Amino acid sequence: MSWLLIVLAVAAAAVAGYGLGRRPARPSTGTVPLSSDAEHVLDLLRRAHGAVVGVVVENNGPTLVTADGERATPQQTDRAMALARVALADDRRHRLDDPTVAVAAASAGVAVAIVFPGLVADAVAERAQADAWRLAAGVADQRALDDQRRHPISPADGLDALGLCETVDSAAIALCQSVARSVDRTTALVLRDEFSGVLGLVRVSLGGDRRLEGTSALPGSAVARAVESDAPVAGLSLQELLGHPRSDRRRGVEAGLAFPVRDGRRPVGALIVFGPPDRLESDDREAVERVLFTAAPRVAHLLAVEAREVRARTDELTGLPNRRGLERAITLLESGRAALLMADLDHFKRVNDRFGHVAGDAALRHLAGLLKRALRSKDVAVRVGGEEFALWLPDADLAVATEVAERVRSMVEHTPLQWNGQEIRLTCSLGVAATPGSTTTVANLYSTADAALYRAKERGRNRVEVAPSAQGPVILD
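Residue numbering for the sequence shown follows my numbering, beginning at 1451 and increasing consecutively.
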């Protein structure tokens, strides 16, 4: 198995032109035949995961199918094609578990689906789905490169596209691409978080290292100094540019020049132009600065809009998402499996009456901190209102959710709040619901978990109550 995965990674890199996992700025709509490399990689991916059918489907393009001639059935091929087209329609990942497991993932107009001969472990399906997305992204990336060669776009076109962008992410892509085409170098955009002030790398241009996205630029780095000094700052390595020790030596030394992005006197972030700083001609530097001068107000506006939206979904006291934030998290569910926990501080009124409302606020912040410590990275802790909280666990079943609920209950009971030299001992009650399991409808999770919480309160508090089981197909809407 391991040698297949190694070959898969190498071959997929050949398909993508620059590597796995990158989304192109603009997908190709041509009908260039899929390369033999793509066919080889798809077959390797299918065999590496023990699947019987693998397909690649493109918008307005060709379709590729690879199948195990001895085990695959026409119905499994049809199923793979149908699931791939569903993924294409909404650009999301999908999974089916009946009668066999099938997974699909899409990226920029390309979808890959894999069908197994039977039921498989969740970890196997998740790895296959991740590899399917990488292959889809690689094929889409190559399509975008081919399309760009056939239909070159001027930097001015990129700035025109920036004016049409409605999200920070799309604006970051347009800006990176515009500068990259202007100076013929890879670029990356780092933006300043409106709340924390942290500088985070948002996007790289086509052909850049997508693994850098999400990396922060530390104080003292070339990027941070560029933002502070309002002047370009050179970094002779990736560590100098961002301030992090380089953990992946395969990247090699990545020098670059960080240009400040400012809206008037207000710092917005920095744009990195990779490559030897001393070889960037003065005309190219001036071109970059002109582009940034024009683009910065639009990027700043989108950042402000995004900040307002985040603020509208955030509880000011605890910093957790609010009820609107929970509703948004639920809409992002990609499968039919999830759990919701409702938690409520016991006897919260007594805390307010005895110690004051300031202590009550501290108790709520204390619980919020404990909830964040108990959850996985993809889970979401929410303050619904008052002393009531919710915990959203995507891709978790009832057993996992119950275990998390008990861990939270125990943490609250055994971690008292330190307040003005006193210990305030707290407990909480929790209700647990999951789909499938407690309900067949994701929309009913909230009321089902809330009913379980009510029973926990009725039966003595400081306890976990699990919603009764339900049977039937899962309904996402």
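C-beta atoms are modelled at their ideal positions from N, C-alpha and C, and glycine is treated no differently.
Keep in mind the model is a prediction, meaning the values are calculated, not measured.
Consult DSSP for residue i and reduce its assignment to one of helix, strand or coil.
i	result
Arg1911	coil
Val1892	helix
Val1543	According to the sequence as given, residue 1543 is Arg; it is not Val. Arg1543 falls in the coil class under three-state DSSP.
Ser1485	Here the model assigns Ser1485 a pLDDT of 47, short of 50, so the residue's position is not dependable, and the following value carries that caveat. Here Ser1485 sits in coil by DSSP.
Pro1771	strand
Phe1566	coil
Val1648	coil
Pro1727	helix
Ala1917	coil
Asp1796	coil
Leu1656	coil
Leu1686	coil
Gly1806	coil
Ala1667	strand
Thr1523	coil
Thr1744	helix
Arg1699	Because the pLDDT at Arg1699 is just 47, under 50, the model does not fix this residue reliably, and the value given afterwards should be weighed accordingly. Of the three classes helix, strand and coil, the one that applies to Arg1699 here is helix, per DSSP.
Cys1626	helix
Glu1616	coil
Ala1571	coil
Lys1822	helix
Ser1632	helix
His1601	With a pLDDT of only 46 at His1601, under 50, the local geometry of the prediction cannot be trusted, and no value is derived from it.
Asp1733	helix
Ser1860	helix
Ser1897	helix
Leu1782	coil
Ser1679	helix
His1490	helix
Please look up how many angstroms separate the CB atoms of residue i and residue j, rounded, as I've assumed it's under 8 Å.
i	j	result
Leu1795	Glu1837	4 Å
Val1749	Val1711	7 Å
Val1858	Pro1771	With a Cβ gap of about 17 Å, Val1858 and Pro1771 do not count as contacting.
Leu1494	Val1506	That pair is no contact at about 13 Å.
Pro1717	Val1652	Going by Cβ atoms, the distance from Pro1717 to Val1652 rounds to 15 Å, so no, they are not a contact pair.
Ala1563	Val1553	7 Å
Thr1617	Val1629	Actually they do not touch by this definition, with Cβ atoms about 19 Å apart.
Ala1586	Ala1556	6 Å
Gly1714	Arg1642	In fact, because the Cβ distance is near 14 Å, the residues do not count as touching under 8 Å.
Arg1635	Val1570	The pair is not a contact, with the Cβ atoms about 44 Å apart (cut-off 8 Å).
Phe1839	Ala1793	5 Å
Thr1877	Arg1833	Contact flag wrong, Cβ pair sits at about 18 Å.
Leu1721	Leu1742	6 Å
Ala1917	Asp1845	The pair is not a contact, with the Cβ atoms about 18 Å apart (cut-off 8 Å).
Leu1533	Asn1509	Not quite, the Cβ-Cβ distance comes to about 16 Å (not below 8 Å), so this is no contact.
Ala1745	Leu1625	5 Å
Val1503	Ala1530	5 Å
Asp1728	Val1633	Actually they are not in contact, since the Cβ atoms of Asp1728 and Val1633 sit about 14 Å apart, beyond 8 Å.
Val1574	Ala1488	The pair is not a contact, with the Cβ atoms about 23 Å apart (cut-off 8 Å).
Pull the bridge partners of residue i from the DSSP assignment, please.
i	result
Glu1508	Val1560
Ile1874	Leu1867
Gly1719	Leu1641 and Val1711
Arg1815	None, per the DSSP bridge assignment.
Gly1503	In the sequence on display, residue 1503 carries Val and not Gly. The partner list for Val1503 (beta bridge, DSSP) reads Ala1517 and Val1565.
Pro1995	There is no way to answer for residue 1995, as the model of the chain reaches only from 1451 to 1927.
Gly1588	DSSP lists no partner for Gly1588.
Arg1833	Phe1839
Ser1554	Note that residue 1554 corresponds to Ala in the displayed sequence, not to Ser. Answer by DSSP bridge pairing, in chain order: His1544 and Ala1563.
Val1882	Leu1791 and Val1916
Gly1706	Gly1685 and Phe1724
Thr1764	Pro1771
Between residue i and the rest of its own chain, which residues show a CB-CB distance below 7 Å, the 5 nearest in sequence each way excluded?
i	result
Gly1670	Gly1693
Val1801	Ala1809, Gly1810, Ala1813 and Ile1874
Ile1954	The structure shown does not extend to residue 1954, since the chain spans only 1451 to 1927, so no value can be given for it.
Glu1739	Phe1709
Leu1662	Ala1638, Leu1651 and Val1654
Trp1869	Phe1805, Ala1809 and Ala1812
Please go through the same chain and pick out, in chain order, the residues whose beta-carbon is closer than 6 Å to the beta-carbon of residue i, but skip the five residues on each side of it.
i	result
Thr1550	Phe1566 and Gly1568
Ile1456	Note that Ile1456 scores a pLDDT of 38, beneath 50, so its modelled location is shaky and nothing firm can be said.
Ala1672	Val1683, Gly1685, Glu1690, Leu1691 and Ala1708
Glu1520	none
CB-CB under 8 Å to residue i, same chain, minus the five flanking residues each way: which ones, in chain order?
i	result
Pro1726	Ala1705
Pro1866	Glu1873, Ile1874, Arg1875 and Leu1876
Asn1912	Asp1796, Arg1859, Glu1863, Thr1877, Cys1878 and Ser1879
Under 8 Å, with one C-beta from each stretch per pair, do the segment 1845-1852 and the segment 1761-1776 reach the 3-pair mark? no
Quick one: any contact between the segment 1858-1867 and the segment 1887-1901, if contact means 3 or more CB pairs under 8 Å? no
Quick check: the segment 1895-1906 against the segment 1865-1884, are at least 3 beta-carbon pairs closer than 8 Å? yes
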